[in-house]
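**Student:** In terms of the UniProt record's numbering, the sequence shown is residues 1 to 208.
Here a beta-carbon is modelled for each residue, glycine too, at the ideal position from N, C-alpha and C.
The following block contains the structure, expressed as structure tokens.
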Amino acid sequence: MEARDDMVCCPVCDALHSFGDIPDGERARCVRCNTVIAVGRPEAILRIVVLASTALILMTIVIFYPFLELRSGVFGSKASVFETVMSFSQGVMAPLSLAVAAFVIVLPVARLSLLIWALGPLSVNRSPWPGAARALRYADILKPWAMAEIFMVGVAVALVKLADLATLSMGPAFWSFTAIVVITAFKDTQMSKHSVWTALETASSNAR
Ligand SMILES: [Zn+2]
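Encoded structure:
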């Protein structure tokens with residue numbers, strides 16, 4: 001048998017193997033001694049990381065750019081999500097303000113950052129950063145609490161009510177936020193929780 005580029009030697013028993021692309025999330029084992037010798041880099045992980053990074057960048061637009069612009073006669077007002085959240089920061093509404101900030105901004109940003117920390121190195125075929133497993137676990141825990149889409153529904157309801165009173169236009173933050181909701185939903189369909197964990201565990205054990 002002639003040696004080729006795609007041949008892999010088992011690190012334990014030196015048996016030569018040749019295989020094509022390994023399917024997503026699968027591992028190739030030595031036929032003789034069953035050692036894991038290669039892991040298919042799941043492209044889905046790269047997609048998850050790219051989508052999460054995109055959503056994170058869009059989040060900065062959401063926080064600081066105008067979300068909505070209201071005009072009624074000569075009066076006009078622009079508000080970013082940050083300003084909207086902060087408008088309740090005094091008095092009895094303060095807890096609400098904190099809760100909205102947490103659910104709409106802090107938790108989604110935290111979850112995206114944790115995902116990138118946990119899977120970023122894997123997506124470019126490197127060994128995971130320290131604490132990757134913990135980061136992925138926290139990202140899983142945060143999932144039901146990062147409620148950007150609920151906020152969008154609330155905004156939609158408010159828009160319908162306001163439309164009679166004033167002229168409304170959506171700012172860049174509104175469209176960024178819509179994009180984040182879509183990107184996040186799409187990202188969560190890329191790979192099952194189980195496959196992500198398998199990929200992370202495989203990469204971690206290979207690094208050791
Ligand atoms: Zn072997």
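Counting beta carbon pairs with one atom in the stretch 181–199 and one in the stretch 43–62, are three or more of them shorter than 8 Å?
**Tutor:** Yes, the stretch 43–62 touches the stretch 181–199.
**Student:** Between the alpha carbons of Thr54 and Ile61, how many angstroms are there, rounded?
**Tutor:** One C-alpha to the other measures close to 11 Å.
**Student:** Do Met152 and Thr178 have their C-beta atoms within less than 8 Å of each other?
**Tutor:** Taking 8 Å as the Cβ cut-off, Met152 and Thr178 qualify as a contacting pair.
**Student:** For Pro128, which of helix, strand or coil comes out of DSSP?
**Tutor:** Looking at Pro128 - three-state DSSP - the assignment turns out to be coil, as it is neither helix nor strand.
**Student:** In terms of residues, what are the limits of the beta strand (DSSP E) holding residue 213?
**Tutor:** Past the edges of the chain, shown from 1 to 208, lies residue 213, and the structure says nothing about it.
**Student:** Evaluate residue 235 with the Cβ neighbour count: other Cβ atoms within 10 Å of its Cβ, from every protein chain shown; 16 or more gives buried, anything less gives exposed.
**Tutor:** Nothing can be reported for residue 235, as the shown portion of the chain is limited to 1 through 208.
**Student:** May I ask you to check if the CB of residue 212 is nearer than 7 Å to at least one heavy atom of ligand 1?
**Tutor:** Residue 212 lies beyond the range of the chain shown here (1 to 208); nothing can be said about it.
**Student:** Examine the Cβ distances between the stretch 136–145 and the stretch 78–92 and report whether three or more of them are shorter than 8 Å.
**Tutor:** As far as the Cβ criterion goes, the stretch 136–145 does not touch the stretch 78–92, which means the pair count is below three.
**Student:** Between the C-alpha atoms of Ala132 and Arg126, what's the straight-line distance to the nearest angstrom?
**Tutor:** Each residue's alpha carbon lies about 12 Å from the other.
**Student:** Pull the bridge partners of Arg71 from the DSSP assignment, please.
**Tutor:** Paired residues: Gly76 and Thr167.
**Student:** Tell me whether Arg137 sits in a helix, a strand or coil according to DSSP, three-state version.
**Tutor:** Helix.
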